[in-house]
Structure formats: structure tokens, C-alpha cells
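Working notes, beginning with the structure itself.
Residue numbers (my numbering): 2 to 323.
Right, dumping it as C-alpha cells:
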């Protein structure tokens with residue numbers, strides 16, 4: 002079981018030290034999972050605890066806010082992914098201007114050695130740390146030799162097109178509405194989570210009642226407006242559905258909403274937490290010439306979403322979705 006610590010001094014690390022990895026881990030994608038799996042394996046081999054050190058908020062929100070990317074995983078979502086990884090502990094360091102000013106050597110000595118007793122450090126091939134990320138892999142290896150801890154640099158995990166999987170590439174796919182490419186990099190569908198809130202119940206009037214999800218924090222990355230096939234994770238289990246993300250121009254409503262029609266379910270789930278796994282994009286948002294035209298389009302959307310979800314179920318049974 003993974004434990005989360007906000008006070009690293011209290012971590013129960015023995016004299017033999019810990020096996021550690023450090024990073025932002027936005028998305029906790031397939032490349033990150035490779036690091037976490039190797040971390041847990043090395044910890045087991047050396048009979049040491051495994052520790053993930055991550056930061057909150059995202060470092061760029063402190064050092065260069067204008068360049069801070071939208072987040073694939075909010076803090077709680079990221080912790081949930083870590084909890085499924087098999088590592089022993091997750092330590093969350095508040096990323097402050099003071100921490101950002103640490104030189105590479107200072108970060109290694111004050112954080113990795115003094116507070117976490119690093120014995121082995123695993124990092125990705127593009128890891129950088131310390132002020133201005135000037136502590137590159139060569140610097141880290143030299144510090145490992147002089148300070149007496151091992152450094153293992155892991156190669157990237159590649160997507161089917163041969164490109165290294167990265168949070169940046171996954172963000173780009175999501176911003177283009179390419180949910181299949183994003184899922185291939187993440188190792189799971191991209192998702193939006195929140196609580197069900199009261200809507201205006203307009204969907205009931207046209208035969209397509211919807212769950213209205215509270216808007217996520219502004220830092221959470223959302224795909225383009227449109228209609229999507231989704232898998233809805235609810236307290237009563239998973240259901241298929243179709244999501245309308247964005248305005249409702251046919252009704253003259255320009256506000257951005259997250260509304261999901263859930264297939265074959267009659268629950269309202271008001272106040273309940275749900276998660277929408279975004280499977281594929283069906284179409285753009287459009288204005289229709291009246292309720293009848295909208296209802297006819299929704300019937301087409303439902304058929305397309307059900308077909309997509311059935312294809313996903315078949316792919317899951319017969320092999321990985323490509």
C-alpha cells in the first residue's frame with residue numbers, strides 16, 4: 002500500500018537508505034509507469050523502501066507562470082495513480098521560490114540525502130533539477146559518485162510511431178481531440194472527474210437526460226468542445242455514455258458545460274463523485290434548426306458512441322487498443 006507524506010522528515014527510512022525517484026509526473030503516463038515499476042523492483046531487490054518525490058504546485062507555476070502547462074492530472078488524480086503503482090511512499094514537496102533557487106548540489110544534499118537518505122536514485126533520460134534545471138544527468142552522476150549513492154538513468158518509452166512518450170505530446174493530442182493517441186500514451190483513457198450537480202433538466206424534455214458535472218479547476222486540461230463517447234465510472238459501476246462538452250448553441254446557451262447522457266441507467270447521482278473516461282470524439286459542437294433536428298442528431302450520436310464503446314470492449318477482450 003502506498004502512503005502519502007507531506008512531512009518528509011517523518012518517513013520511516015532506515016540506515017540503509019531509500020530507493021528514490023523525483024519528478025512532476027503530470028499524467029502519470031506509460032513512461033512514468035516504467036520508472037515506478039523499476040523503482041519498486043529495485044527497492045525489493047535491495048530491501049529498501051521506494052519513495053516517489055513529487056511537487057505541488059507544478060514547478061513552472063512558480064518559476065514561470067506564463068509557461069505553466071494545463072495539467073493532465075490534478076493533485077488528487079496523480080496521487081490515485083501513484084497508489085496503484087506499488088511504490089511504498091509518495092512525498093509531496095511544496096514547490097516554493099526558495100526550493101526553486103536551490104542549486105543542484107544543494108538540492109541533492111539538503112533534500113535527497115539529508116531528508117530522504119537516498120541510496121539509489123532512478124530518473125528519466127531527460128531529467129533536470131536544481132535552479133534553472135542546470136543539474137542535468139551528467140551533474141547528477143557526478144554527485145552520485147562524490148556523495149556515495151547510485152544513479153540509474155532510464156531510457157524513454159516509445160509510442161507506436163517511434164516518438165518518446167511525454168506529457169507534452171499527450172497534451173498536444175488532447176488539445177486536438179485525439180483521445181486515442183492520448184490514451185495510448187497514458188496507458189488508459191484520459192478522464193475528467195467531479196461531482197454531479199443540478200442542471201436545468203432540459204435534456205429530459207428531448208429524451209436525453211444528462212448528468213451535469215461540476216467544472217474542474219481551471220488548471221485541468223480539457224479537450225476541444227464537442228460530443229464524445231465516454232465510459233462513466235459511477236458509485237454503481239461503469240456505464241457507457243455520450244458527453245457534450247461546451248455550449249448549447251441551439252438553446253442560446255454560451256456557457257461551457259460538461260453534460261453526459263448515460264446509457265441504460267436511471268440514477269441521478271446528484272452530489273456523487275463520478276469520472277468520465279473520454280474514449281473518442283464524435284463530432285464538433287453545432288447549432289441545429291430546432292429541437293427536432295437536435296433530437297435526430299442525438300440519436301445518431303448515441304449510435305456512434307455505442308458502436309465506439311462496443312469496439313473498445315472487443316479490443317479489450319482481444320488485445321490492446323492501438
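Yeah, the Cβ is synthetic: ideal placement off N, Cα and C, and Gly gets one too.
Which residue wins for smallest C-alpha separation from residue i, given the options the options?
i           : options            : result
residue 268 : 180, 224, 213, 158 : 213
residue 194 : 141, 130, 149, 244 : 244
residue 61  : 139, 102, 287, 176 : 102
residue 56  : 43, 74, 45         : 74
residue 303 : 225, 185, 68, 232  : 232
residue 266 : 248, 236, 169, 284 : 236
residue 220 : 172, 152, 114      : 172
residue 287 : 262, 248, 93, 275  : 248
residue 263 : 313, 208, 295, 216 : 208
residue 283 : 307, 274, 112      : 307
residue 3   : 68, 93, 15, 24     : 93
residue 169 : 312, 30, 285       : 30
residue 199 : 163, 14, 270       : 270
Quick check: what's the CA-CA separation for residue i versus residue j?
i           : j           : result
residue 17  : residue 49  : 7 Å
residue 96  : residue 187 : 25 Å
residue 70  : residue 78  : 16 Å
residue 211 : residue 40  : 43 Å
residue 239 : residue 290 : 34 Å
residue 228 : residue 246 : 6 Å
residue 1   : residue 108 : Any property of residue 1 remains undetermined from this structure, which presents the chain solely from 2 to 323.
residue 20  : residue 52  : 6 Å
residue 279 : residue 115 : 43 Å
residue 216 : residue 276 : 12 Å
residue 251 : residue 299 : 13 Å
residue 12  : residue 89  : 10 Å
residue 160 : residue 38  : 18 Å
residue 223 : residue 148 : 43 Å
residue 301 : residue 234 : 23 Å
residue 100 : residue 63  : 10 Å
residue 192 : residue 281 : 12 Å
residue 65  : residue 155 : 27 Å
residue 179 : residue 91  : 31 Å
residue 318 : residue 311 : With a pLDDT of 41 at residue 318, under the threshold of 50, the modelled position of this residue cannot be trusted; read the value that follows with caution. Rounded to the nearest angstrom, the two C-alpha atoms are 11 Å apart.
residue 321 : residue 129 : With a pLDDT of 36 at residue 321, under the threshold of 50, the modelled position of this residue cannot be trusted, and the question is left open.
residue 59  : residue 42  : 27 Å
residue 24  : residue 126 : 12 Å
residue 139 : residue 151 : 13 Å
residue 111 : residue 176 : 39 Å
Helix or strand or just coil, what does DSSP make of residue i?
i           : result
residue 302 : helix
residue 200 : coil
residue 136 : strand
residue 142 : helix
residue 274 : strand
residue 173 : helix
residue 151 : strand
residue 121 : strand
residue 185 : helix
residue 240 : strand
residue 312 : helix
residue 114 : helix
residue 250 : helix
residue 106 : helix
residue 284 : strand
residue 291 : coil
residue 165 : strand
residue 255 : strand
residue 12  : coil
residue 194 : strand
Quick check on the DSSP output: the alpha helix (DSSP H) that includes residue i runs from which residue to which?
i           : result
residue 234 : Counting along the chain, residue 234 falls outside any alpha helix (DSSP H), though it belongs to the beta strand (DSSP E) covering 227-235.
residue 78  : 76-84
residue 47  : 31-47
residue 93  : From DSSP, residue 93 is part of no alpha helix (DSSP H) but of the beta strand (DSSP E) over 90-95.
residue 63  : 60-64
residue 325 : The structure shown has nothing for residue 325, since the chain only spans 2 to 323.
Just to check my reading of the structure: residue i and residue j have Cβ atoms closer than 8 Å, yes? What is that Cβ distance to the nearest angstrom?
i           : j           : result
residue 157 : residue 272 : That pair is no contact at about 42 Å.
residue 123 : residue 47  : That belief does not hold up - the Cβ atoms of residue 123 and residue 47 are roughly 12 Å apart, past 8 Å.
residue 153 : residue 121 : 7 Å
residue 104 : residue 134 : Contact doesn't hold; Cβ gap of about 11 Å is too wide.
Along the chain, where does the beta strand (DSSP E) containing residue i start, and where does it finish?
i           : result
residue 51  : 51-57
residue 267 : Per DSSP, residue 267 belongs to no beta strand (DSSP E) and is neither H nor E.
residue 19  : 19-23
residue 222 : Counting along the chain, residue 222 falls outside any beta strand (DSSP E), and DSSP gives it neither H nor E.
residue 73  : It is not in any beta strand (DSSP E) - residue 73 carries neither H nor E in the DSSP assignment.
residue 212 : 212-214
How about residue i: is its Cβ closer than 7 Å to a heavy atom in the ligand ADP?
i           : result
residue 120 : Summarising the ligand content, the structure contains no ligands, and the ligand ADP is consequently not present.
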